[in-house]
Amino acid sequence: MTARPPVRSVTVVGGGLAGFTTARELRAGGYDGALRIVDPQGTPYDRPPLSKAVLLGRSSGEDIRLAPPGWYEENAVEVLTDRVAKLSPSSGGVLLASGGELSSDAVVLATGGAARPLTIPGGDHPAVRVLRELADAEELRARLEPGSRLVVIGAGLIGAEVASSATQLGASVTLVDPVPVPLVPAVGPELAEVLHAMHAQRGVRVVQGRPSRITAYGPAVLVEVPQDGAAPLSLPADVVLSATGITVDTSLAEAAGLAVREAVITGLDGRTSNPAVYAAGDSARRRGADGSLLRRSEHWESALLDGTAVARSLLGLPAQERQPGWFWSDRYGVHAEAAGAMSAPGSTVLRAVDGAPRLAFRLSPEGRLLGCAGIDSSKAVRAARRLIARGARVRAEDLRDPAVDLKKLGRE
């Protein structure tokens, strides 16, 4: 078998967490070849603070940088504020929108995605905003002031976090979602209900339904939401946030002939159908060891691990086994997180504190821990995640009892 020639130049397309992590881990692992990051926004920054600290004015663009400016010079990582227009994997060519062309032994696609557009009449009104980039957060903050009316479409993680932040800014918030209780698949119905109830407790109006149109109403707009068996609601808004997810950017991959199915298909090492091209982050979808396509993840840790996996592959190191999936979210002063699969077949066990559900566990029919979600319970979720990774059998009564230390369970 012919050995692969050594990689002496790497171009990372996209400066989000996955792309930055690839570059950082390459240098940390001893790679000393040419290394560049191409992104239209320039220096990489972290996105989770956009809906919280940045929107609240507590953090600036400088505060959320993934590395200080000096790091790039010290580590010989070139950052190009540009957009990649085309890949030519066979020749290693990377054509930039500015007209320049790069030559690279390996290309890492960390292109992420764009906020999903609101495809209803009036969805392109200037009052309708999205939250995906730093400029989006700064624009939204400029529009929110005491008494301003905000309608948030989508009550997932981003929508809920923005609703929380906007109330702190004094805005009047209405949250619209098609399901009665969002996040049930992610944290289970019991904790999802606790989290969703926090909106009304903080004065947020919650509306179930799908907006059908947005119309101008003087300097503001009206968001029309049909109601079953009743007249549609017309919600006045000075600003509307569309928080209905992202559209994955696979345009470069498709044009280059790479395998794509909802996202760019990769192996566990991040390599695509072309051995000179890798993919990581929101725009990538891995195949498991058995060849099956795994579920795509848009969470922060997944992007971090994807970038690490790509760097290890480029360094000639084996892929590392991953822990069960994990995510977190902050709203109204509480911290929610979950690990594993809360919607897997099985049963749910609750652990209450002061009479309210604080932890939810998902058990398989055989008694193995499959998932855990918690509110202000980080240590417990971390311990449960280790149990999930081990496939540990646990007793429901131990999970239910607040006096039982999860770290001591599953020691068979």
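Numbering (the working numbering), first residue to last: 1137 to 1548. Glycine included, C-beta positions come from ideal geometry on N, C-alpha and C.
Please check the pair residue i and residue j, which I expect to be a contact at CB under 8 Å, by giving their CB distance rounded to whole angstroms.
i     : j     : result
A1488 : L1506 : Wrong, their Cβ atoms sit about 20 Å apart, outside the cutoff.
T1484 : A1492 : About 15 Å; that fails the 8 Å criterion.
G1258 : T1351 : 6 Å
V1320 : A1328 : 5 Å
R1494 : G1510 : 6 Å
D1241 : V1143 : 5 Å
May I ask which residues mark the beginning and end of the alpha helix (DSSP H) holding residue i?
i     : result
T1255 : Premise fails: T1255 is in no alpha helix (DSSP H) and is neither H nor E.
S1301 : L1293 to Q1304
T1444 : W1436 to L1450
L1331 : P1325 to Q1337
T1179 : Here T1179 belongs to no alpha helix (DSSP H), and DSSP marks it neither H nor E.
Does DSSP put residue i in a helix, in a strand, or in coil?
i     : result
K1543 : helix
G1206 : helix
T1138 : Below a pLDDT of 50, predicted positions are generally treated as unreliable, and T1138, at 43, falls in that range; the measurement from the model is reported next regardless. If DSSP states are grouped into helix, strand and coil, T1138 belongs with coil.
H1471 : strand
L1192 : coil
D1199 : coil
E1269 : coil
D1218 : coil
E1274 : helix
V1312 : strand
G1249 : strand
A1322 : helix
D1426 : coil
S1227 : coil
L1186 : helix
R1279 : helix
S1234 : coil
S1433 : coil
W1462 : strand
R1421 : strand
G1476 : strand
A1416 : coil
Which two residues bound the contiguous beta strand (DSSP E) that contains residue i?
i     : result
D1534 : From DSSP, D1534 is part of no beta strand (DSSP E) but of the alpha helix (DSSP H) over A1532 to R1536.
R1458 : No beta strand (DSSP E) holds R1458; DSSP gives it neither H nor E.
G1573 : Residue 1573 cannot be examined here, being either before or after the span of the chain that is shown, 1137 to 1548.
L1171 : A1170 to V1174
V1146 : S1145 to V1149
V1287 : R1285 to I1289
L1238 : E1237 to S1239
Would you mind listing the alpha helix (DSSP H) stretches within the stretch 1490-1526 that are 4+ residues and don't spill past its ends, in chain order?
1514-1526
Hey, which unbroken runs of the beta strand (DSSP E) at 3 residues or more fall wholly within the stretch 1340-1413?
1341-1344, 1349-1353, 1356-1363, 1366-1373, 1375-1378, 1382-1384 and 1400-1402
Inspect the CB distances between the stretch 1298-1308 and the stretch 1276-1287 and report whether three or more fall short of 8 Å.
yes
Spell out a yes or no on whether the stretch 1153-1170 and the stretch 1439-1449 are touching, meaning 3 or more CB-CB pairs, one atom from each, closer than 8 Å.
yes
With three or more beta-carbon pairs closer than 8 Å as the criterion, would you say the stretch 1409-1424 touches the stretch 1441-1450?
yes
Check whether the stretch 1268-1284 and the stretch 1189-1196 touch, using three or more Cβ-Cβ pairs below 8 Å as the test.
yes
Does the contact criterion of 3 or more C-beta pairs under 8 Å hold for the stretch 1179-1186 versus the stretch 1194-1201?
yes
Across the stretch 1220-1231 and the stretch 1389-1403, are there enough close Cβ pairs to call them in contact, namely three or more that are closer than 8 Å?
yes
Mind the definition here: the stretch 1228-1236 touches the stretch 1309-1325 only if three or more C-beta pairs lie below 8 Å; say whether that holds.
no
When the Cβ atoms of the stretch 1349-1357 are set against those of the stretch 1265-1272, are three or more pairs found closer than 8 Å?
no
Counting beta carbon pairs with one atom in the stretch 1204-1217 and one in the stretch 1166-1175, are three or more of them shorter than 8 Å?
yes
So, do the stretch 1402-1412 and the stretch 1248-1265 have three or more beta carbon pairs nearer to each other than 8 Å?
no
State whether the stretch 1418-1436 contacts the stretch 1461-1470, with contact taken as three or more CB pairs (one from each stretch) at a distance under 8 Å.
yes
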